[in-house]
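So the protein lines, in turn, are chains A and B. Heads up, the first sequence is in this note's numbering, so the first residue is 1 and it goes up one at a time. Heads up, the second sequence is in this note's numbering, so the first residue is 1001 and it goes up one at a time. Okay, so here's the structure we're looking at.
2 protein chains.
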Amino acid sequence: MIDLQDVTKRYEMGTQTVHALRGLTAHIDTGEFVAIMGPSGSGKSTLMNIIGCLDRPTTGRYLLDGTDVSTMRGDAQAAIRNRHVGFVFQRFNLLARTDARHQVELPLVYSGVAARERRQLALEALKAVGLGDRADHKPDELSGGQQQRVAIARALVTSPSLILADEPTGALDTTTGAEIMGIFERLNAAGITIVMVTHEPEVAAHAQRVLHIRDGLLVADDSSPER
Amino acid sequence: MIDLQDVTKRYEMGTQTVHALRGLTAHIDTGEFVAIMGPSGSGKSTLMNIIGCLDRPTTGRYLLDGTDVSTMRGDAQAAIRNRHVGFVFQRFNLLARTDARHQVELPLVYSGVAARERRQLALEALKAVGLGDRADHKPDELSGGQQQRVAIARALVTSPSLILADEPTGALDTTTGAEIMGIFERLNAAGITIVMVTHEPEVAAHAQRVLHIRDGLLVADDSSPER
Ligand SMILES: Nc1ncnc2c1ncn2[C@@H]1O[C@H](COP(=O)(O)OP(=O)(O)OP(=O)(O)O)[C@@H](O)[C@H]1O
Ligand SMILES: Nc1ncnc2c1ncn2[C@@H]1O[C@H](COP(=O)(O)OP(=O)(O)OP(=O)(O)O)[C@@H](O)[C@H]1O
Ligand SMILES: [Mg+2]
Ligand SMILES: [Mg+2]
């Protein structure tokens, strides 16, 4: 499903160049549950943005379900993204003045879902992450972990076939994090592909495979049989 | 140094009231290294904001070094904060268009430090958190963990006597997180008081004492001798 071929990403900053990805090749099949680990600044979020069609490689190719998206136009990329991908951003990326229910409804608005059904799906998604009683709270009326859970509910509400989650339990206590992992495992068992960045080994243990990134390169691909 | 007496915090939200803190009493001495743990939404950040004079209790008292700050005016609170407290916010709270060096210089600007000395102190603080080569990067040119480290450097640059850190390693891989904990331990050994929220037991293990919060109440105060 996800086919990255010698992908690089450079940022030109006046006098210096930052090489965020230095030639990464990886293949992820439909239905896999993959974790990505690596040091701070090693290129994990950059890689996630490319996989999620939010950014393009500088060189190399990225095929999503056989289609070369690395050279696609922005609107074509957006269409693919809205229909198939649920993205949990590392910094949550919520709208500042919008309450939880409307944040979660947003992907359904883009998909043209009617208001009554949107509201029901959004409230169900919020209940699933333990926020049924916070639907009318805006981000500054929510704790850090509650904001993260709103972002997770938003990523799930369209029933995407691919979930990209960048540190989905970073702001959550161990118990709440385990509940979110339970949701991901259930979705993966139903056939949904999950790619998840985490720095916590206990969270990565829920995946079947771990890609280790360091300095923009893939340094290990670990599918230990006990997973 | 920190004396909280039956502190409550309520948020009135039209039809319902959220009881974020329900009567919390705790004493922290100068020079202690205390961790605060608890489920998502249990009141940890609310408590940290009150300790850091960014917010006031609804009822109860808060004495900082013997002074009742719970009824102080905003400008008096700000003066105390700027002189004595370094705050690492859960959501980092960086300025959107400002590069790392100027973010870290900001508390020194408020303290009236001259430009040349500000630059030097800011660059030293960035080096200490491993970001010496990222001084000219703006937040959207930094990884999540790098943004968090800029926030940490900013909290340390005025050599405060009290550090309040809300999930200071939340966005950091294990190795980088351990380096930050090394910095905190060194500062604490030099007499600085540290209060730190974390949901990771390995991070809490660096503190001498753990306050456990649940539903706005203190449910355990743990100073196990092996710490
Ligand atoms: N401005 C506000 N208005 C209404 N409710 C609020 C407001 N700020 C916080 N809350 C609520 O108060 C409770 C405590 O929030 P707080 O941010 O202190 O939790 P926390 O322990 O830091 O959680 P986390 O681990 O998720 O960061 C939460 O249930 C939250 O929804
Ligand atoms: N827009 C940009 N301009 C310049 N450099 C950038 C930009 N975005 C990211 N970088 C740099 O690229 C490198 C990789 O960043 P990335 O966000 O992918 O790291 P990461 O592995 O997600 O880190 P973390 O674990 O801290 O979130 C970092 O060194 C960062 O400073
Ligand atoms: Mg990242
Ligand atoms: Mg919090």
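Glycine included, every Cβ here is placed at the ideal spot set by N, Cα and C.
Buried or exposed by the 16-neighbour rule on C-beta atoms within 10 Å, applied to residue i
i                  : result
Leu1095 of chain B : exposed
Glu1202 of chain B : exposed
Tyr62 of chain A   : buried
Glu105 of chain A  : buried
Ser1070 of chain B : buried
Arg1097 of chain B : exposed
Lys1127 of chain B : exposed
Thr176 of chain A  : buried
Val219 of chain A  : exposed
Thr46 of chain A   : buried
Asp140 of chain A  : exposed
Met1148 of chain B : It is worth fixing the name first, because residue 1148 of chain B is Gln in this sequence and not Met. By the neighbour-count rule (16 or more Cβ atoms within 10 Å), Gln1148 of chain B is buried.
Asp173 of chain A  : buried
Ala1125 of chain B : buried
Thr1015 of chain B : exposed
Glu200 of chain A  : buried
Ser159 of chain A  : exposed
Proximal residues of chain A, C-beta to C-beta of residue i below 8 Å
i                  : result
Leu1238 of chain B : Any property of residue 1238 of chain B remains undetermined from this structure, which presents chain B solely from 1001 to 1227.
Proximity test, Cβ basis, 9 Å: residue i and chain B
i                 : result
Lys9 of chain A   : no
Glu167 of chain A : yes
Asp136 of chain A : yes
Met72 of chain A  : no
Val88 of chain A  : no
Arg149 of chain A : yes
Met181 of chain A : no
Met196 of chain A : no
Thr58 of chain A  : no
Asp222 of chain A : no
Arg227 of chain A : In this prediction, Arg227 of chain A has a pLDDT of 46, which is less than 50 and means its spatial position is unreliable; what the coordinates show is noted afterwards. By this cut-off, Arg227 of chain A is not an interface position.
Ligand 3 heavy atom lying under 8 Å from the CB of residue i
i                  : result
Glu1141 of chain B : no
Gln1246 of chain B : Since the first and last residues shown for chain B are 1001 and 1227, residue 1246 of chain B lies out of range.
Gly216 of chain A  : no
Gly1145 of chain B : yes
Contact with chain A by residue i, beta-carbon distance below 9 Å
i                  : result
Arg1091 of chain B : yes
Lys1127 of chain B : no
Glu1141 of chain B : yes
Val1018 of chain B : yes
Met1001 of chain B : no
Leu1217 of chain B : no
Ala1189 of chain B : no
Distance cut-off 8 Å: residue i Cβ against heavy atoms of ligand 2
i                  : result
Val1195 of chain B : no
His212 of chain A  : no
Pro39 of chain A   : yes
Ser1172 of chain B : Note that residue 1172 of chain B corresponds to Leu in the displayed sequence, not to Ser. At least one heavy atom of ligand 2 is nearer than 8 Å to the Cβ of Leu1172 of chain B, so yes.
Ala20 of chain A   : yes
His1102 of chain B : no
Ser42 of chain A   : yes
Gln1208 of chain B : no
Contact set between residue i and chain B, taken where Cβ atoms lie within less than 8 Å
i                 : result
Thr176 of chain A : Pro1039, Ser1040
Under 7 Å from the C-beta of residue i: neighbouring residues of chain B
i                 : result
Gly145 of chain A : Ser1040, Gly1041
Within chain B, the residues that residue i reaches when beta carbons sit closer than 9 Å
i                : result
Ser45 of chain A : Ser1143, Gly1144
CB-CB length for residue i against residue j, believed under 8 Å
i                  : j                  : result
Ile1213 of chain B : Gly1038 of chain B : 4 Å
Val1088 of chain B : Ile1152 of chain B : 5 Å
Val109 of chain A  : Arg118 of chain A  : 7 Å
Leu1211 of chain B : Ile1002 of chain B : Not confirmed; about 11 Å, so no contact.
His1206 of chain B : Glu1179 of chain B : No, His1206 of chain B and Glu1179 of chain B are not in contact; Cβ-Cβ is about 12 Å, not under 8 Å.
Gln90 of chain A   : Glu32 of chain A   : Rounded, the Cβ-Cβ distance is 21 Å, inconsistent with contact.
Val1150 of chain B : Ala1100 of chain B : 5 Å
Asn1082 of chain B : Ser1111 of chain B : 7 Å
Arg209 of chain A  : Val34 of chain A   : 5 Å
Residue i Cβ short of 8 Å to ligand 1 heavy atom set
i                  : result
Arg134 of chain A  : yes
Asp1166 of chain B : yes
Thr1046 of chain B : yes
Ile1014 of chain B : Reading off the sequence, residue 1014 of chain B comes out as Gly, not Ile. No, the beta carbon of Gly1014 of chain B sits no closer than 8 Å to any heavy atom of ligand 1.
His1199 of chain B : yes
Residue i CB to nearest heavy atom of ligand 4 below 8 Å
i                  : result
Lys1009 of chain B : no
CB contact check: residue i to chain D, cutoff 9 Å
i                  : result
Ala1096 of chain B : Absent from the structure: chain D. Protein chains present are A and B.
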